[in-house]
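All you need for our numbering is the position in the sequence shown, starting with 1, plus 41.
First the structure, in the form of structure tokens, and then the observations on it.
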Amino acid sequence: MLILGIETSCDETAAAVVEDGVKVLSNVVVSQIDIFAEYGGVIPEVAARNHLEVMMPVVDKALKDAGKTWGEIDAIAVTHTPGLLGSLLIGTLTARTLAILHKKPLYAVHHLKSHIYANWLIEESSIASEKSTLDFPLLALVVSGGHTQILRMEAHNHFEIIGTTRDDAVGECFDKVAKILGLPYPGGPAITKAAKDGDRNKYKLPKPNVEGLDFSFSGLKTAVLRAVQAELGLPISHPSHDLKNHLNKTQIADFAASFEKTAVDYLLNKLEKAYESNPETKSFVFAGGVSANELLRKEAEKRFNNVFFPEPKYSGDNGAMVAAAVYFEIKTGVQPIDPYKLNIMPRSKIS
Ligand code: KG4
Ligand code: ZN
């Protein structure tokens with residue numbers, strides 16, 4: 042089965058053709074990172090306008106790269122929630138129109154589900170058995186710019202959220218800490234780069250003590266802010282945007298390294314706790330933009346068996362994961378939706 046996946050929930054315009062939910066025939070991603078690096082974050086209206094400009098060329102290229110025609114596509118999959126309203130509208134309106142025009146069944150899918158299904162994706166040239174040990178029940182740690190959640194999956198398309206952030210997401214925390222340190226957007230890769238020469242134990246940062254399997258990241262961000270002000274001998278009233286002008290290279294590296302270690306430890310400690318209450322877990326999957334983090338990957342391999350990460354190119358937003366998620370939805374009996382009636386739901390829960 043050939044599915045065309047379309048993704049526009051934030052600042053990537055993406056489309057891909059995937060065969061049977063795993064084999065990626067094409068994967069086209071146009072990122073707006075360069076535009077937003079200048080502003081230190083995404084401006085929703087600007088993101089939507091950029092999606093509009095490149096959406097159709099991206100879809101056309103995905104078909105061309107896959108060597109497929111519209112006649113060969115079996116279904117269209119699109120992200121309909123959660124995300125930026127204007128961005129989601131461009132993707133869903135495109136998918137609806139194409140579904141009507143080419144008479145294809147249309148499926149709308151939750152963005153986090155897609156991030157999790159990025160773990161099933163393989164290159165056309167890879168051997169399918171590489172992923173054969175990805176077994177249920179599994180625990181998924183979803184770590185992105187908007188979400189931090191631990192989910193339990195009993196089977197395909199069966200999700201139970203067992204832990205979630207009470208405030209900021211971990212990716213957002215990376216982005217905000219990077220901003221304090223004067224590092225560019227997106228903060229994740231910039232923090233990793235700066236941390237390379239840093240001392241991970243230089244600054245002791247607290248791991249917010251939240252009950253059960255829930256997280257809190259706003260406290261960690263504030264802890265970094267206070268530690269930077271203390272290090273510089275400045276009062277807590279000193280504006281955060283000015284701190285970067287007082288930090289030297291070593292301090293930036295040490296803060297980046299100490300923060301990265303604390304965030305990764307915090308995530309993995311919670312996942313260990315989730316494993317304690319779910320000892321029958323057979324695999325651990327990581328998903329979302331932060332799952333590209335090298336330290337997280339290295340530490341997770343040390344602490345758990347049967348650990349899966351998406352290939353780095355599929356850990357950020359892309360259309361292939363959308364197509365994969367819909368393939369497994371179809372396998373579990375999910376029906377197409379009426380393209381005339383599809384609504385976007387910017388804040389709905391994974392189901
Ligand atoms: O999943 P994603 O591409 O978009 C959302 O759905 O939110 O995640 C984006 C987030 C950003 O906050 C970015 O800083 C973070 O993922 N990120 C990373 C890394 N690469 C991207 N965080 C830590 N380490 C990385 N290597
Ligand atoms: Zn995402």
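From the three backbone atoms N, C-alpha and C, an ideal C-beta is built for every residue, glycine too.
Assign residue i to one of two classes, buried (16 or more other C-beta atoms within 10 Å of its C-beta) or exposed (fewer than that).
{"i": "H143", "result": "exposed"}
{"i": "K311", "result": "buried"}
{"i": "K145", "result": "buried"}
{"i": "L129", "result": "buried"}
{"i": "Y226", "result": "buried"}
{"i": "K3", "result": "The requested residue 3 does not occur in the structure, where the chain is confined to residues 42 to 392."}
{"i": "L246", "result": "buried"}
{"i": "P276", "result": "exposed"}
{"i": "L126", "result": "exposed"}
{"i": "S155", "result": "buried"}
{"i": "H75", "result": "It should be pointed out that residue 75 corresponds to Asp in this sequence rather than to His. With fewer than 16 Cβ atoms within 10 Å of its Cβ, D75 is classed as exposed."}
{"i": "T373", "result": "exposed"}
{"i": "T138", "result": "exposed"}
{"i": "S332", "result": "buried"}
{"i": "H152", "result": "buried"}
{"i": "K262", "result": "buried"}
{"i": "Y196", "result": "Here the sequence assigns Ala to residue 196, which means Tyr is not the residue at that position. A196 should be labelled exposed."}
{"i": "A140", "result": "buried"}
{"i": "Y80", "result": "exposed"}
{"i": "H121", "result": "buried"}
{"i": "T110", "result": "exposed"}
{"i": "A78", "result": "exposed"}
{"i": "Y368", "result": "buried"}
{"i": "P353", "result": "exposed"}
{"i": "H188", "result": "buried"}
Taking residue i as part of the beta strand (DSSP E), name the residues at either end of that continuous run.
{"i": "Y148", "result": "147 to 151"}
{"i": "E195", "result": "189 to 196"}
{"i": "N319", "result": "Unbroken run through N319: none, as it is neither H nor E."}
{"i": "E284", "result": "Residue identity check: residue 284 is Leu in the sequence provided, not Glu. First-last for L284: undefined, no H or E at that position."}
{"i": "A328", "result": "324 to 328"}
{"i": "G204", "result": "199 to 205"}
{"i": "T54", "result": "53 to 60"}
{"i": "K182", "result": "It is worth fixing the name first, because residue 182 is Leu in this sequence and not Lys. Looking at the DSSP string, the run of the beta strand (DSSP E) that includes L182 is 179 to 184."}
Quick check on this structure: which residue in the options has the alpha carbon closest to the alpha carbon of residue i?
{"i": "N286", "options": "P380, R267, G223, D101", "result": "G223"}
{"i": "P280", "options": "T291, K290, N289, R267", "result": "R267"}
{"i": "Y205", "options": "A55, A315, L93, F350", "result": "The residue asked about is misnamed: residue 205 is Thr in this sequence, not Tyr. Among A55, A315, L93, F350, the Cα nearest to that of T205 belongs to A315."}
{"i": "N242", "options": "F300, S257, L261", "result": "F300"}
{"i": "V99", "options": "A181, S67, T303, A366", "result": "S67"}
{"i": "A236", "options": "P249, Q292, D115, D379", "result": "Q292"}
{"i": "V113", "options": "D238, D358, V58, V83", "result": "Residue identity differs from the one stated: residue 113 is Glu in this sequence, not Val. When each option's Cα is compared against that of E113, the closest is V58."}
{"i": "A264", "options": "A328, H152, D101, P249", "result": "P249"}
{"i": "G6", "options": "A103, G212, D283, E313", "result": "Past the boundaries of the shown model lies residue 6; the chain is included only from 42 to 392, so the question cannot be answered."}
{"i": "T133", "options": "N384, A298, K390, D240", "result": "N384"}
{"i": "E370", "options": "I202, V150, A56", "result": "V150"}
{"i": "R193", "options": "I203, L273, K390", "result": "I203"}
{"i": "Y355", "options": "V70, G260, V367", "result": "V70"}
{"i": "G82", "options": "H188, L153, G228", "result": "G228"}
{"i": "I117", "options": "Y148, V95, L104", "result": "Y148"}
{"i": "Q190", "options": "G357, A136, D255, A140", "result": "D255"}
{"i": "Y244", "options": "A304, L43, V348", "result": "A304"}
{"i": "I232", "options": "D52, A297, A103", "result": "A297"}
{"i": "E252", "options": "P230, R207, T110, L104", "result": "R207"}
{"i": "G260", "options": "D115, D209, D61", "result": "D209"}
Start and end of the alpha helix (DSSP H) containing residue i?
{"i": "I117", "result": "Note, I117: premise wrong, no alpha helix (DSSP H); beta strand (DSSP E) at 116 to 122."}
{"i": "I46", "result": "It should be pointed out that residue 46 corresponds to Gly in this sequence rather than to Ile. Careful: G46 lies outside any alpha helix (DSSP H), inside the beta strand (DSSP E) at 43 to 48."}
{"i": "I221", "result": "211 to 221"}
{"i": "T110", "result": "Taken as a continuous stretch (DSSP letters only), T110 belongs to no alpha helix (DSSP H), as it is neither H nor E."}
{"i": "S20", "result": "Given a span of 42 to 392 for the chain in the structure shown, any question on residue 20 remains unanswerable."}
{"i": "I391", "result": "Taken as a continuous stretch (DSSP letters only), I391 belongs to no alpha helix (DSSP H), as it is neither H nor E."}
{"i": "P230", "result": "228 to 236"}
{"i": "L336", "result": "335 to 344"}
{"i": "E272", "result": "259 to 273"}
{"i": "L129", "result": "126 to 143"}
{"i": "P353", "result": "353 to 356"}
{"i": "I277", "result": "Taken as a continuous stretch (DSSP letters only), I277 belongs to no alpha helix (DSSP H), as it is neither H nor E."}
{"i": "G360", "result": "360 to 372"}
Between residue i and chain D, is the shortest Cβ-Cβ distance under 8 angstroms, so that the two count as touching?
{"i": "L308", "result": "The question asks about chain D, but that chain is absent: this structure has only one protein chain."}
Practice task
Please determine if the segment 210 to 221 and the segment 351 to 362 are in contact, where contact requires at least 3 C-beta pairs separated by less than 8 angstroms.
Solution key: Cβ pair count under 8 angstroms is below three, so no.
Practice task
Can you list the residues near the ligand ZN, meaning Cβ strictly closer than 5 angstroms to any non-hydrogen atom, in the order they appear in the chain?
Solution key: Listed along the chain, these residues meet the criterion: S185, D358.
Exercise for the section: Could you say if the segment 321 to 332 and the segment 174 to 192 meet the contact criterion of at least three C-beta pairs nearer than 8 angstroms? Expected result: Counting Cβ pairs under 8 angstroms, three or more are found: they touch.
Exercise for the section: Spell out a yes or no on whether the segment 301 to 310 and the segment 155 to 164 are touching, meaning 3 or more CB-CB pairs, one atom from each, closer than 8 angstroms. Expected result: Touching, no.
Practice task
Check whether the segment 117 to 126 touches the segment 78 to 89, taking contact to mean three or more Cβ pairs, one atom from each stretch, closer than 8 angstroms.
Solution key: These segments touch.
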